[in-house]
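Protein chains: 2
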Amino acid sequence: MIELRQLRNFLALAEHLHFSKAATAVHLTQPSLSRQIAALEAELGVMLFARHSRAVTLTAAGLDFQAHAKSVVAALELAIRSTRASARGERGELRVSFTSVAAWTLMPALIKRYTDTFPEVRLELNELLPKDMEKAVTTGDTDLALTFKVSDEENSCYFPLHDEPLCIALPADHPQATADAFDVGQLKDAPFILSPRTIAPLLHDTVLAYCRRSGFEPRIRIQPHLQQTIVNLVAEGMGVSVVPLAMRKMQIPGVIFKPIPQAPSVEFGIVWNRQNDNPCLVSFLRHVGACAAETHSDTSALA
Amino acid sequence: MIELRQLRNFLALAEHLHFSKAATAVHLTQPSLSRQIAALEAELGVMLFARHSRAVTLTAAGLDFQAHAKSVVAALELAIRSTRASARGERGELRVSFTSVAAWTLMPALIKRYTDTFPEVRLELNELLPKDMEKAVTTGDTDLALTFKVSDEENSCYFPLHDEPLCIALPADHPQATADAFDVGQLKDAPFILSPRTIAPLLHDTVLAYCRRSGFEPRIRIQPHLQQTIVNLVAEGMGVSVVPLAMRKMQIPGVIFKPIPQAPSVEFGIVWNRQNDNPCLVSFLRHVGACAAETHSDTSALA
DNA sequence: TAAAAATACTCCATAGGTATTTTAT
DNA sequence: ATAAAATACCTATGGAGTATTTTTA
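Line by line, the protein sequences give chains A and B.
Counting with the working numbering, you get residues 6 to 308 for the letters of the first sequence.
Counting with the working numbering, you get residues 6 to 308 for the letters of the second sequence.
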């Protein structure tokens, strides 16, 4: 059975064409190298070198074997480098899930920064509803979730990244849309569009709490799943809503986004499974930690 | 230093995902395989397998290493096969020189038969004057010469392949060209075109002997090197000549090729260097020998 | 408790070293 | 006579086996 050591020694001799010199180069003595080559030739059943008394030359078959042996050794070196890179999370695959709101806020910049630093990691991006995130993370269907704040559990960890303020979305032809002094209380009778609590409890609760603090109970008529659907329905004049401020990036005509003074906000972050040993997840979290450290402070939870 | 044995054992484990079963498959005991893998992981500095109490699984890095290790092993197997093929003369390069007359006679069919049987041998075909053949063979500039008969010498060997009859080449407007009873003697005063003796002694001597036997000494005026040049000059009406019969393949207008009853002929064959250890030369000679054995008999000189 | 991998310890096959011979110029 | 590879012989490393322990579901 041919071993790599024999290929390395063969390559040394093929290069030096001198047993003693080649033996020195690979830290062997001449007799050892002599036997190595003889054993290799015996296993192949092929003479690789022609021994003339004053010169050693490669045979035609030896020349062919040299080219192939080089590629074998190169393939092994590639294997080593690639595998170490994989272990460092510099190569491989990372499956990222995100809620629609994350797609409008932190996801694009976050993903771009990561792929700039780790270009060899193949990303699988998948939009999910917030309610399905935790399950996807625990079953291992996804490596990483960009979603609303959740509480840490046995396996799933959470790290905060972003606070998104809310704003009021009004049809452009609503009386309050152009009012000098905006009054939230005037919205109490307007049909209210809000996603169901089961989809995204935190967002739902934050909006409801804000309405109640403003002195009214919203009359919820339509319950879409996605924020962009809410905005589209507001644009059609079907009601008003309270949505993440970033939704104004949609730049859809017919909707006015009213910022709220001392606005309530929803928190976003990363959710992952502590059991997940995908090195790319580790590299992602470390990368996010390094970026976060430049702005906030506490990144210890990423360890 | 990583060895192929470790890669083979790794691949077995990656396939079976069970130390005992994989160990059996590669004819080892479980503890041996265990240490092999541990040593491999230590050298890489990377965990390749995740050992759970009831199951062994590949890590992300292990999956990557598996793919690369497969290609390393495959590269070695290719190297072995290719090198053995090289040694058998089934792969490599063969430099063939031939005289122009060989190009009009035996060379094309000979080369075609060889390339059909040995498609992986790259052929370098080169036309040479007969006088330069022996030198090219002895210096090693060429592996094989297809040329006129020569006597065996210390290093160069000759094997006969073909007898080419001669014919007379006349301008179409020559009186003898259309004569009912052709008479060679009528050519004695015509300007005679013949290549110099230094270029191809055998051909030159055969033609001269024929002329003298026919009762005249040719009046040689022009001495081209190539037979096709002779034919072209005959076509221009510049004289007559005696050329290999195959030259009529040129189908050039203005020339009549007169076959000669009991024609003299020139012998062709292969010349090679006994010192030359190019396996493709051996495969060529063996192949020619096999083909020749179907027609004539004595191929012992090819050994 | 049982299944499976890791560890401890022993042995020997073989890679490698030293000394010497062979070979060809 | 000399340079260089092959051979003979010896040594010791490390790969492989057996027996045992550890681990976790």
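Every residue, glycine too, gets a C-beta built ideally from N, C-alpha and C.
All figures in this text were calculated on a predicted structure; none of them were measured in a lab.
- Using a CB distance below 9 Å, the part of the region 39-52 of chain B facing chain A consists of Glu48, Leu49, Gly50, Val51, Met52, ordered along the chain.
- Per the coordinates, the alpha-carbon of A/Ile42 lies some 53 Å from the alpha-carbon of B/His209.
- What B/Phe70 touches in chain A, judged by beta-carbon distance under 7 Å, is Ala84, Thr88, going in chain order.
- Put simply, the backbone Cα of B/Thr152 is about 20 Å away from that of B/Ser246.
- Around the beta-carbon of B/Arg56, fewer than 16 other beta-carbon atoms lie within 10 Å, marking it exposed.
- The distance from the Cβ of A/Phe70 to that of B/Ala84 is about 6 Å, consistent with a contact at the 8 Å cut-off.
- In the DSSP assignment, A/Arg279 falls outside any beta strand (DSSP E), carrying neither H nor E.
- Interface annotation, A/Ser76: in contact with chain B, CB-CB separation under 9 Å.
- B/Trp277 sits away from B/Ser156, with the two beta carbons spaced by 9 Å or more.
- Here B/Arg127 is bridged, per DSSP, to B/Glu98.
- Neighbours of A/Arg279 in chain B, taken as residues whose beta carbon is under 7 Å from its own, are absent, since the nearest beta carbon is some 15 Å off.
- The region 143-231 of chain A contains, as complete alpha helix (DSSP H) runs of 4+ residues, the segments 206-218 (chain order).
- With fewer than 16 other CB atoms across the displayed protein chains lying within 10 angstroms of its CB, B/Asp146 is exposed.
- Looking from the CA of A/Gly274, the closest CA among A/Gly94, A/Leu38, A/Ser102, A/His23 belongs to A/Ser102.
- Distance between B/Val126 and B/His292, taken at the CA atoms: about 13 Å.
- Within 7 Å of the CB of B/Gly145, no CB atom of chain A is found; the nearest one sits about 12 Å away.
- The three-state secondary structure of B/Ala298, taken from DSSP, is helix.
- Annotated three-state conformation of B/Thr234 is helix, per DSSP.
- In this structure, the straight-line span from the alpha carbon of B/Leu115 to that of B/Val271 is close to 18 Å.
- Within chain B, the residues placing a beta-carbon under 7 Å from that of A/Ser91 are Ala65, Ala66, Asp69, ordered along the chain.
- In terms of beta-carbon proximity, A/Pro165 stays away from the interface with chain B, with every pair separated by 9 Å or more.
- Between B/Val212 and B/Leu175, the CB-CB gap reaches or exceeds 9 Å.
- Residue burial annotation: B/Arg279 is exposed, with fewer than 16 other C-beta atoms found within 10 angstroms of its C-beta.
- Counting C-beta atoms within 10 angstroms of its own C-beta, B/His32 has fewer than 16 neighbours from the protein chains shown and is therefore classed as exposed.
- The alpha carbon of A/Leu134 has as its nearest neighbour, out of A/Arg202, A/Ala44, A/Leu250, the alpha carbon of A/Arg202.
- Assignment of B/Pro36 by DSSP, reduced to helix, strand and coil, places it in the helix class.
- Pairing B/Leu99 with B/Leu128 gives a Cβ-Cβ distance under 9 Å.
- Counting along the chain, the unbroken alpha helix (DSSP H) around B/Pro113 starts and ends at 112-122.
- Under DSSP, the beta-bridge partners assigned to A/Val248 are A/Cys172.
- In this chain, A/Ala55 is not harboured by any alpha helix (DSSP H); it is covered by the beta strand (DSSP E) spanning 54-57.
- For B/Thr64, the three-state secondary structure derived from DSSP is coil.
- One finds Ala65, Ala66 in chain B with Cβ atoms closer than 7 Å to the Cβ of A/Pro284, taken in chain order.
- Apart from sequence neighbours up to five positions away, the residues of its chain that approach B/Ile257 with a beta-carbon distance below 8 Å are Val236, Asn237, Ala240, ordered along the chain.
- Closest in alpha carbon position to A/Pro249, among A/Met243, A/Gln233, A/Ala79, is A/Gln233.
- The C-alpha of A/Ala141 lies about 41 Å from the C-alpha of A/Val77.
- For A/Asp168, the CB contacts under 6 Å within the same chain, skipping 5 residues up- and downstream, are Ser270, Glu272 in chain order.
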